[in-house]
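Residue numbers (the working numbering): 36 to 263. Contents: one structure, followed by commentary.
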Amino acid sequence: MSNRALLEVIALDAEDAVAAQAGGADRLELVTDMAADGLTPPRETFAAIRAAVDIPLRVMLRMSDGFASGDVPRLVRAARELRAEGAREFVLGFLNPDGSPDLAAVEEVVAELDGCRWTFHRAIDRAADRDGLRKALADLPGLDAYLTAGSATGVDEGLPVLLAEAARRGEPGYEARILVGGGLTLSHLPVLRGAGIDAFHIGGAARPDGWARPVSAAAVADWRAALA
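So this is what it looks like as structure tokens:
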């Protein structure tokens, strides 16, 4: 049986997507506006990327910086339009001001996804109660991953949390895959892989020349080799 881990790479456009696939990415997270940590891309961008590559695409559903849901009907419309364009996987996650999951918003958007698979993103790293959030979301259809660094400040600080959650795999609320991202470096991989974590997400690490430049296929290939 293969021990190959999942490598997900952030893509802003078709050029990024082609380079990421060439480097060995297994899946792309599609966003726009990284100054706001990634918002919903236009449906035209999704269509261009879908035409350029043949690996799975997860599309961000997020309209503004931060983790408040904001205009939920707008999120629902965006999900509907992206699904009509062919999107079948998504990324989302909303919190109330007190750090609890905004279940009403999440449930309304997930209902529009109609069973599509989705990731709850790094809002979990700002949650007041990670365990409570996981258990509150556990029965939502399609949820199959949590994008998390274990801490709002990144993997360096969050590593103990990631290892503890990996050890609870299969418990109620812990069935979804841990997708590690946020300050992730190659040096983190041995201990994470040793804990059985098998999914990793990179953004800046795929762009050694910064966000103003496209994804580097060579940089992605270095990660793919490390995770083979």
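Ideal Cβ placement from N, Cα and C applies to all residues, glycine included.
- Judged by pairs of C-beta atoms under 8 Å, the region 76–87 touches the region 46–66, as three or more such pairs exist.
- Setting aside the 5 residues that flank it on each side, Pro176 is surrounded in the same chain by Val145 and Gly150, each with a C-beta closer than 7 Å to its C-beta; the list follows chain order.
- Residue pairing by DSSP places Glu124 opposite Arg152 in a beta bridge.
- By DSSP's assignment, Glu43 forms a beta bridge with Arg62 and His236.
- For Arg78, the CB contacts under 7 Å within the same chain, skipping 5 residues up- and downstream, are Glu116, Leu117 and Glu120 in chain order.
- Between Val111 and Ala252, the alpha-carbon positions lie close to 34 Å from each other.
- Shown here, Arg85 sits in a helix according to DSSP, grouped into three states.
- The alpha-carbon of Gly245 is positioned some 22 Å away from that of Asp61.
- Beta bridge pairing from DSSP links Ile213 with Tyr181.
- At least 8 Å separates the beta-carbon of Val53 from that of Val107.
- Rounded to whole angstroms, the gap between the alpha carbons of Thr67 and Val196 is 29 Å.
- C-alpha of Asp191 to C-alpha of Gly218: approximately 7 Å in a straight line.
- C-alpha of Asn38 to C-alpha of Ala162: approximately 32 Å in a straight line.
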